[in-house]
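Here the working numbering is used: the first residue of the sequence shown is 191, the next is one more, and so on.
For each residue, glycine too, the CB sits at the ideal point set by N, CA and C.
For clarity, every value in this text was computed on a predicted model and none was experimentally measured.
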Amino acid sequence: MHIIFGYISYWQIFLLKLLKYFGFNVYYINIEAKTDSKKNEIATKLKKKNIYPLPIELEKKILCNKGYTILFKDPDEFSYKKNIKLIPDSILKKYSTLFAVDEKNTKKLRLLIQDFVYARQLFVSSYLAIWSANYPQKKIIYISFNFKCFYMSDTDQNIFKVIIPFDLLNYFIKIINPKKVFHLFLSFINIRNKKCTEKFLDGQNLRKLETKRVAFIAHKGITYGSENHILFEKSLYYSNDKNSCLNKYNILHLDYENFLSPDERLHWVCLNKIKVPNTKIFLKTLLASLKTLYLIRSWSTFLGWLLCIQKYSAYIKYCDIISKFKNLKIAIIDYDVLCPKTLILALEKNNIKTIATQERFIHTFCTSFSNVVVDTYYVVSEFAANIIKNSKYYDVKNLIPVGMYRSDYLTLYKNKNIPEEISKAKKDGKKIIVVLGYQSPHHWFESYTSIEMNWSAQVSFLEDVIRLSQSLKDTFVILRYKSLDWMDNLYFEKILKKVNDSKNLIISTNYKEFFYSYKLCANADLVIAKHTSIADECLTNEIPVLFFEYGHNHTNIMSGVFNYLSSELMCHNFDELLERSESLLFNSSSSLKNEISMLNQKIYYAKEKGSIKNKIQNLITNNL
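This is the structure in structure tokens:
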């Protein structure tokens, strides 16, 4: 028997130790604490008693098709089945009036619920599925004290859930804040609401912002990457025309994650910091709760009702805020699949058209996870559009294939602004290989449960990159990561020394220049990548790409999601990686090059050519 705790905190240490004392195999997945130091303290105390996080990293072999795949593909639709169980179609229609959704098309509401249910699968169920696949004969008892775990999807039969919701009270408090009850007594005094209006924008000129016709719904600011490792600016929608409504300093920026404005000249509003009339929100939530009580017919539908009421409270708050921007016509969604559906529905309620551009090509195939609700969706290709049209995970009115927008930068930097390390190597007659790797977790206890980014996988990856650089003569290999934080970890000291001792291998450390990864890839002879969106962008520009599709204890990582039409671009071991690298670099008649051209025509094809950025901006402007 294996006992696995989902979320543990300090007070549970005694319980885990007690179970370990009686001879049980005890593990945990996540640590709940406010700081990393507290998490480390809890993990260290448990480690002394030989209690570890679920050691996926240490398994000799893990079955990715069973566990990892359900994170993105979910072929058995575990999360969607849970969604239906929580709120059957017949009941879902009854909630449509709350969210101002047409009763005949409740798909938007279904996807609103899907986001929440899938998150439970992402953080818990997938790990349990992997462990169950590796130990099918073992009884696995999952223990959680978190109320949200009632929303977990059901996966394998040998997993038994024990959920004791100690945080139930906190869950209800989040839905109906006691402060709102107090404000109810102030509802007869109009001063309160006046104060809310005055503080609405923390001193910003509301009248000026009311005139804005276009909003950019920002996800974690307007740059991509960590604080010390910024990769690029999200400049797709920014026009250079100072008079354009799409100019960076004319467009209204609406943030939903409390990111402060990076530039005081920007029109920037943090939605969740805005004061709203608490009394109104409370009364509407309470009324909605009472009106829909009759929809509770079982424990599952009670959970569904509770979730709907929680989402409704967030929705009406967004509705109240958005209504202040009276001239807003178009809202551009920064990250298509991550923007809160409550905000998108609030925008639609205020007759504001929503627009998004497909962020990652792989999301086309990621059922359960890539849920998109927008009016107009600019997608990668005709191939992607046809799949999305028939998918239950998308609710889109207008699908327009335009291409992969960041591939513009590969065209821009081809043979221009060539990085110094590349130009020097090319002068020496070297072929350039750019290797795109994943970053690693900061802490050992996070590494244990990680599937592909764990420390052992990182070392294995680097060892194969070193072997490749040694095996391929007349090449220069550049390693590029999203972040270099892992290099400060003593665990990687030995492997980093091997990298530094390599004659034709370096790690790129330039994060001062935006789009530097694109400058490297644009001028590479071959790109080798753990699956990342820039790899797809390279393929659209017919830059040769090979996917590093294996780790120290697994293979077929992303193949279960999409196998690129059974392409040989997916390398499942070092021998395949070496052989195909040689073919692409030194064989002018390589069949792999023909394969890349074929993929370009079949899965990346979009009718209109030219700058994707210009196409999208023209389409938005025409909509206005």
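- Between Y502 and F289, the CB-CB gap stays under 8 Å.
- Going by DSSP, S334 is part of the beta strand (DSSP E) stretching over 330-334.
- By the criterion of at least three beta-carbon pairs nearer than 8 Å, the region 580-592 is not in contact with the region 664-684.
- Cα atoms of E447 and L535: separation of roughly 17 Å, rounded to the nearest angstrom.
- Boundaries of the beta strand (DSSP E) harbouring D585: 584-591, taken from the DSSP string.
- In this chain, Y638 is not harboured by any beta strand (DSSP E); it is covered by the alpha helix (DSSP H) spanning 634-639.
- Within the DSSP secondary-structure output, A521 pairs in a beta bridge with A405, T544.
- CA-CA distance, S637 to A233, rounds to 12 Å.
- In the structure shown, V570 adopts coil according to DSSP, grouped into three states.
- Secondary structure at K263: coil, using DSSP grouped into helix, strand and coil.
- The shortest CA-to-CA distance from D226 to any of F635, S723, K693 is the one to F635.
- 8 Å or more divides the Cβ of Y197 from the Cβ of S322.
- Measuring C-alpha to C-alpha distances from G741 to each of S316, D344, Y414, K250 identifies K250 as the nearest.
- If you draw a straight line from the Cα of I733 to the Cα of H192, it comes to about 47 Å.
- Listed in chain order, the non-local C-beta contacts of K539 below 7 Å within the same chain comprise A290, C509, local neighbours out to five positions each way being set aside.
- Nearest Cα to T722 within the set L775, G619, F551: F551.
- Following the DSSP letters along the chain, one finds L450 in no alpha helix (DSSP H), marked with neither H nor E.
- According to the DSSP secondary-structure assignment, K424 is paired through a beta bridge with no residue.
- By the Cβ test, the region 488-500 is in contact with the region 273-282, since at least three Cβ pairs between them sit closer than 8 Å.
- Residue environment for W676: buried (at least 16 other C-beta atoms within 10 angstroms of its C-beta).
- Approximately 6 Å separates the beta-carbon atoms of S571 and I793; this is inside 8 Å, confirming the contact.
- Segment contact: the region 751-760 against the region 561-569, fewer than three CB-CB distances shorter than 8 Å; contact not assigned.
- For L626, the enclosing beta strand (DSSP E) covers residues 621-627.
- Of the residues T665, L626, L662, the one whose Cα lies closest to the Cα of Q648 is L626.
- When DSSP states are grouped into helix, strand and coil, Y218 belongs to the strand group.
- Around the beta carbon of D526, 16 or more other beta carbons sit within 10 angstroms, so the residue counts as buried.
- Three or more beta-carbon pairs separated by less than 8 Å link the region 393-409 to the region 424-442, which places the two stretches in contact.
- When the five nearest sequence neighbours on each side are left out, the beta carbons in the same chain lying within less than 6 Å of the beta carbon of L774 are those of L716, P734, S780, L782, in order along the chain.
- Between F449 and G415, the gap from beta carbon to beta carbon reaches 8 Å or more.
- As the crow flies, the alpha-carbon of E222 is around 21 Å from that of E247.
- For Y603, the enclosing alpha helix (DSSP H) starts and ends at 597-603.
- Note on geometry: alpha-carbon atoms of N437 and N430 lie some 6 Å from one another.
- Taking the Cα of I407 as reference, the smallest distance to any Cα among C460, P452, E417, N433 is reached at C460.
- The beta-bridge partner set that DSSP reports for Y341 is empty.
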